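Undergrad: According to the UniProt record's numbering, the sequence shown is numbered sequentially starting from 1. By construction, the Cβ of each residue, glycine as well, lies at the ideal position given by its N, Cα and C atoms. Since we're looking at a predicted model, the values are computed, not measured. Pasting a structure here, questions to come.
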Amino acid sequence: EDKWDFVLVSDIHEAGSEKEAKRKKFLDELSKKGFTIKKIEDKKLFYGVRAPKQIFQKYQWLLRNPDSRLQTPDVHDDVPVTTRIRIVNFILQNTMTPDLEKLHDLMKKKVFEAMFPLHEEEEVREFLKEKWTCWSDIFCQQRIEKIRCYFGEKVALYFAWLGWYTYLLRIAAVVGLVVFVAGVTVFSSSQVSKEICEATNTVMCPLCDQKCPFWLLSDTCTYAKVTHMIDNEGTVLFAIFMAIWATVFLELWKRRRATVVTDWDLYRWDEEEEELAMELIDNLQHEPRQYQHSYFRSTVILLLVLVMIAVLIGIAHALVIYRVIATALFTQSNFEFLREQANTMAVMTGAVLHYITIVIMTKVNRRVALYLCDLEKPRTFSQRENNFTVKIFTFQFFTNFSSLIYIAFFLGRINGHPGNYVRIAGKWRLEECHPSGCITDLFIQMAIIMLLKQTISNVMEYLIPWVAHKLRKKQQRPKKRSIMLGEEEEEAEDPCKRQWLSNYQLNEVNVFSLFDEFLEMVIQYSFTTIFVAAFPLAPLLAFCSNFFEVHLDAIKMMRLHRRMVPRKANDIGIWLQVLEAVGILAVIGNGLVIAITSNFIPMQVYKYTYSPCMAENSTGVDCSTGYINHSLSIFRIQDFEPYTKVPKMLPDFVRDEIKVCRYRDYRNADDYSYTVQFWHIFAARLAFLILFEHVALCVKLIAAWYIPDVPQLVKNQFLDRKHSNLRKKLSMMEYSTEV
């Protein structure tokens, strides 16, 4: 009798006020349904509610007690505590007052401030609090069954998935680290890097129109070595490996999930049936809401989604404009370091600005996605959650990856050439790639964004709830009462009051609290797989982050947040389809990075078509010898645009001696049209992209076929169960016939 299912919190309203009347009407409706209500007054009004046994008996009867393997049996009615909380929450949310207002409407009007189930001081919670949230047990395996008993199947499946993802990330992290270390070991041995470092007579065209001087190709020796450290043959193999890894991870997760939910007797659980049962328990006269579809509404929502995507792409364009203007300003700076590293500084500051836009647009995307879901009017909460998931992931994908897509596939390819540059507002030139390629820019962008997301975001994700909890606790600390007042002394000794107050002081949770954790991990999974060819350390960073993420999430749920309303589930929902879509995007993205961003294809074309190795008596010659000179075009200084100031000369050169400069492209020296080699490379890029994606997708399909979604053990369990049930029915029939 001392256990309460939910606590409702309200401000102390004036007697006779509209809010007090609405509150009384709602509580009266609960009383009519047989709920027991207890009131405690402090700085706020607390109402403990407890549902009658009949509600849970109806649930067991309608669904034939699907919780056959009990989690934490309640002493009164043989229903797991998680199921009890879920049923009571459904009834509270759907109870309607005579004014046709539900609890959600009353909370909007500030009639009630909060509602939450209580953290119980029970055996399971104490175990989780002692073992699960303890830093000394960070290396231990997840207590999935205990998590299920306390938070329900949805949370348990999230931690099961996160644990499995982190476990398999170890393999990808080790392989990525090996590829990166291998790149470091050949830091100075690349023939291309040597040619750049020795190109002391190769004069490059200025990087801007005003104060930028001509520069020597050898000045970027270190940058070229870093580029080769990232852009090498190992990167191609690692991209193929990650495409296979993503497929194997999802297939093994399907097997893991099937085993887990079979142990819970939920493999064939029907969510729609359970929701209908709870609606009938709440109101026997309830009529189910029919499925509906409006092509007009779907068209409007699709158009609004496209408008939002256009806005997000526009923000990416704004970041591009920032980088262009920043480069121009840095090149005109009075500081020599900024002038020399103008491009790199623009990339780094652009990456930080990109991270800030991600943080801001995440909040905007959520509001827009919720608004669009309201327009759709989904039939059930699960359908609403699925629609919301697809929309918010789409928006977040464009928010996170639009800038990366520009750097990977457009930077340095749409900027024109000396004498005919593409300009923004007719003034600022678009950025150019370094002669050794653009992949280092992509590496820097991804490294900064991932480091900021995995450090600042994770710290703030834990720090903000911790500070908020401390502040709430300080504000709500009860004042000392005089022992002389008998009524107050009795109230202070109420065993429920301390528990209700301590739970109220915790941070609020909502239906999307777990959704936020899933979204964060899926975006991280996208970073880990889609552009991994440019950033082999992505799996390692993700693994290190997840190592602490699991523990920090546990601490937040057990110590800093109110208890989540448990939700029953037998899979991770539509997130699985999202992860499969990301796997396909990873194949396409990495194929495009290797074919377009990397120098892998141009170098192979040079080696097997134009290099010294193709000539006779070329034994002992490195086939990439001469590649840099071959990949640079010649520009006559006299052909600069009229309004472009001829820049300052190099100190070691006489002004009249510089007649031409070099730039990265494949163009003829006379009319600046594309050379035959450009079209050879273009055809090779296209052929490689088609081949890579078909091979990778075929390997993914073979892996998906080779690894069954459901283990044979699970299939045999269901087979034996069906056989046993049929035999039992047949035996009962024969017995009744004999009688």
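In the structure shown, what three-state DSSP assignment does Leu304 receive?
TA: What you label residue 304 is simply residue 304 of the sequence shown in a count that begins at 1. DSSP places Leu304 in helix when its eight states are reduced to three.
Undergrad: Judging by CA-CA distance, which residue of Leu8, Ala15, Lys22 and Met732 is the nearest neighbour of Ile37?
TA: Looking up residue 37 in the sequence shown gives position 37. Comparing Cα positions, the closest option is Leu8.
Undergrad: Beta carbon of Ile628, beta carbon of Pro435: below 8 Å?
TA: The count along the sequence shown starts at 1 and reaches residue 628 at position 628. The count along the sequence shown starts at 1 and reaches residue 435 at position 435. Taking 8 Å as the Cβ cut-off, Ile628 and Pro435 qualify as a contacting pair.
Undergrad: Since Leu103 contacts Lys22 with CB under 8 Å, what's their CB separation in whole angstroms?
TA: Along the sequence shown, read from residue 1 onward, the residue named residue 103 stands at position 103. Along the sequence shown, read from residue 1 onward, the residue named residue 22 stands at position 22. No, Leu103 and Lys22 are not in contact; Cβ-Cβ is about 11 Å, not under 8 Å.
Undergrad: Take the Cβ of Val582 as the centre, count every other Cβ of all protein chains shown within 10 Å, and call the residue buried at 16 or more, exposed below.
TA: Residue 582 sits at position 582 when you count from the first residue of the sequence shown. It counts as buried.
Undergrad: Please return the same chain residues whose Cβ sits closer than 6 Å to the Cβ of Ser611, not counting the five positions on each side in sequence.
TA: Walking along the sequence shown from the start, residue 611 turns up at place 611. If we look at Ser611 and ignore the five residues flanking it on each side, its Cβ neighbours are Cys623.
Undergrad: How would you label Gln454, buried or exposed, when you count the other beta carbons within 10 angstroms and need 16 or more for buried?
TA: The residue labelled residue 454 in the question sits at position 454 within the sequence shown. So Gln454 ends up on the buried side.
Undergrad: Using only the alpha-carbon positions, how far apart do Val179 and Phe249 sit?
TA: Indexing the sequence shown from 1 puts residue 179 at position 179. Indexing the sequence shown from 1 puts residue 249 at position 249. Between Val179 and Phe249, the C-alpha separation is close to 20 Å.
Undergrad: Compare the C-alpha of Glu657 against each of Lys645, Arg636 and Phe46 and name the closest.
TA: As a position in the sequence shown, residue 657 is number 657, starting the count at 1. Nearest option by C-alpha distance: Arg636.
Undergrad: What's the gap between the Cα of Gln143 and the Cα of Ile85?
TA: Along the sequence shown, read from residue 1 onward, the residue named residue 143 stands at position 143. Along the sequence shown, read from residue 1 onward, the residue named residue 85 stands at position 85. The sequence shown places Arg at residue 143, rather than the Gln named in the question. Spanning the two alpha carbons is a distance of roughly 21 Å.
Undergrad: Does the Cβ of Trp161 have 16 or more other Cβ atoms within 10 Å, making it buried, or fewer, making it exposed?
TA: Translated into the one-based positions of the sequence shown, residue 161 becomes position 161. Its Cβ being crowded by 16 or more others within 10 Å, Trp161 is buried.
Undergrad: Could you check which residue in Thr202, Pro206, Met229 and Thr222 has the C-alpha nearest to that of Leu216?
TA: In the sequence shown, the residue the question calls residue 216 occupies position 216. If we check each option's Cα against that of Leu216, Thr202 comes out closest.
Undergrad: Is Met242 near Ala703, with beta carbons less than 8 Å apart?
TA: Counting from one through the sequence shown, the residue named residue 242 turns up at place 242. Counting from one through the sequence shown, the residue named residue 703 turns up at place 703. No, the pair does not count as a contact, with Cβ atoms beyond the cut-off.
Undergrad: Over the uninterrupted alpha helix (DSSP H) stretch that includes Val236, give me the two end residues.
TA: Start at 1 with the first residue of the sequence shown, and residue 236 comes out as number 236. Val236 -> alpha helix (DSSP H) spans Glu233 to Asp263.
Undergrad: Taking contact to mean 3 or more Cβ pairs, one atom from each stretch, closer than 8 Å, check whether the segment 538-553 and the segment 191-198 are in contact.
TA: No, the segment 538-553 does not touch the segment 191-198.
Undergrad: What's the gap between the Cα of Phe393 and the Cα of Arg685?
TA: Counting from 1 along the sequence shown, the entry for residue 393 is found at position 393. Counting from 1 along the sequence shown, the entry for residue 685 is found at position 685. Between Phe393 and Arg685, the C-alpha separation is close to 30 Å.
Undergrad: Give the secondary structure of Lys39 by DSSP, where H, G and I count as helix, E and B as strand, and everything else as coil.
TA: Here residue 39 refers to the residue found at position 39 of the sequence shown. It is a strand residue.
Undergrad: Is the CB-CB distance between Ala351 and Ile448 below 8 Å?
TA: For the purposes of this step, residue 351 is taken as the residue at position 351 of the sequence shown. For the purposes of this step, residue 448 is taken as the residue at position 448 of the sequence shown. In this structure, Ile448 lies closer than 8 Å to Ala351 by Cβ.
Undergrad: Would you kindly work out how many angstroms separate the C-alpha atoms of Pro465 and Leu726, rounded to a whole number?
TA: In the sequence shown, the residue the question calls residue 465 occupies position 465. In the sequence shown, the residue the question calls residue 726 occupies position 726. Those two C-alpha atoms are separated by around 54 Å.
Undergrad: Helix, strand or coil for residue 799, going by three-state DSSP, please let me know.
TA: One cannot answer for residue 799 here, as it falls past the ends of the chain, which runs 1 to 739.
Undergrad: By a C-beta neighbour count over all protein chains shown, 10 Å radius and 16 as the cutoff for buried, is Ile321 buried or exposed?
TA: Indexing the sequence shown from 1 puts residue 321 at position 321. Result: exposed.
Undergrad: What do you reckon, are the CB atoms on His417 and Arg662 nearer than 8 Å?
TA: The residue you call residue 417 lines up with position 417 of the sequence shown. The residue you call residue 662 lines up with position 662 of the sequence shown. No, they are not a contact pair.
Undergrad: Can you list, in chain order, the residues of its chain with a C-beta nearer than 8 Å to that of Arg664? Leave out the 5 residues immediately preceding and following it.
TA: Counted from its first residue, the sequence shown places residue 664 at position 664. Excluding residues within five positions, the ones whose Cβ falls inside 8 Å are Gly412, Glu432, Cys433, His434, Pro435, Ser631, Leu632 and Ser633.
Undergrad: Suppose you measure from the CA of Glu20 to the CA of Tyr406; what does that come to, to the nearest Å?
TA: Walking along the sequence shown from the start, residue 20 turns up at place 20. Walking along the sequence shown from the start, residue 406 turns up at place 406. Looking at the two C-alpha atoms, the distance is approximately 57 Å.
Undergrad: Are the Cβ atoms of Val226 and Thr82 separated by less than 8 Å?
TA: As a position in the sequence shown, residue 226 is number 226, starting the count at 1. As a position in the sequence shown, residue 82 is number 82, starting the count at 1. Cβ atoms of Val226 and Thr82: not closer than 8 Å.
Undergrad: In whole angstroms, what is the alpha-carbon distance linking Met229 and Trp575?
TA: Here residue 229 is taken as the residue at index 229 of the sequence shown, counted from 1. Here residue 575 is taken as the residue at index 575 of the sequence shown, counted from 1. Cα-Cα distance, rounded: 35 Å.
Undergrad: Within this structure, are the beta carbons of Trp428 and Val324 separated by less than 8 Å?
TA: By one-based count along the sequence shown, residue 428 stands at place 428. By one-based count along the sequence shown, residue 324 stands at place 324. It is a contact, given that the beta carbons lie within the stated cut-off.
Undergrad: Indicate whether Asn232 and Val174 have their beta-carbon atoms separated by less than 8 Å.
TA: The count along the sequence shown starts at 1 and reaches residue 232 at position 232. The count along the sequence shown starts at 1 and reaches residue 174 at position 174. No, the pair does not count as a contact, with Cβ atoms beyond the cut-off.
Undergrad: Where in the segment 666-729 do unbroken runs of the alpha helix (DSSP H), each at least 4 residues long, occur, reported from the N-terminal end onward?
TA: Here the runs fully enclosed are 676-706.
Undergrad: Would you kindly report the start and end of the unbroken beta strand (DSSP E) that includes Val660?
TA: Here residue 660 refers to the residue found at position 660 of the sequence shown. First-last of the beta strand (DSSP E) with Val660: Val660 to Arg664.
Undergrad: Cβ of Thr235 within 8 Å of Cβ of Ala533?
TA: Translated into positions along the sequence shown, residue 235 becomes position 235. Translated into positions along the sequence shown, residue 533 becomes position 533. Against a cut-off of 8 Å, the Cβ pair of Ala533 and Thr235 comes out as a contact.
Undergrad: List in chain order: all unbroken alpha helix (DSSP H) runs of 4+ residues lying wholly within the segment 535-581.
TA: As far as the segment 535-581 is concerned, its whole alpha helix (DSSP H) runs of at least 4 residues are 538-555.
Undergrad: What does a CB cutoff of less than 8 Å around Ser724 pick up in its chain, not counting 5 residues either side in sequence?
TA: As a working note, residue 724 is residue 724 in the sequence shown. If we look at Ser724 and ignore the five residues flanking it on each side, it has no Cβ neighbours.
Undergrad: Comparing alpha-carbon positions, which option in Tyr606, Gln332, Pro539 and Ile244 lies nearest Val192?
TA: For this step, residue 192 is matched to residue 192 along the sequence shown. Minimum Cα distance to Val192 is reached at Tyr606.
Undergrad: Between Ile281 and Glu29, what straight-line distance do the alpha-carbon atoms span, to the nearest angstrom?
TA: Your numbering for residue 281 matches position 281 in the sequence shown. Your numbering for residue 29 matches position 29 in the sequence shown. Cα to Cα, Ile281 sits roughly 15 Å from Glu29.
Undergrad: CA-CA distance, Cys438 and Gln445?
TA: Position 438 of the sequence shown, counted from the first residue, corresponds to residue 438. Position 445 of the sequence shown, counted from the first residue, corresponds to residue 445. One C-alpha to the other measures close to 11 Å.
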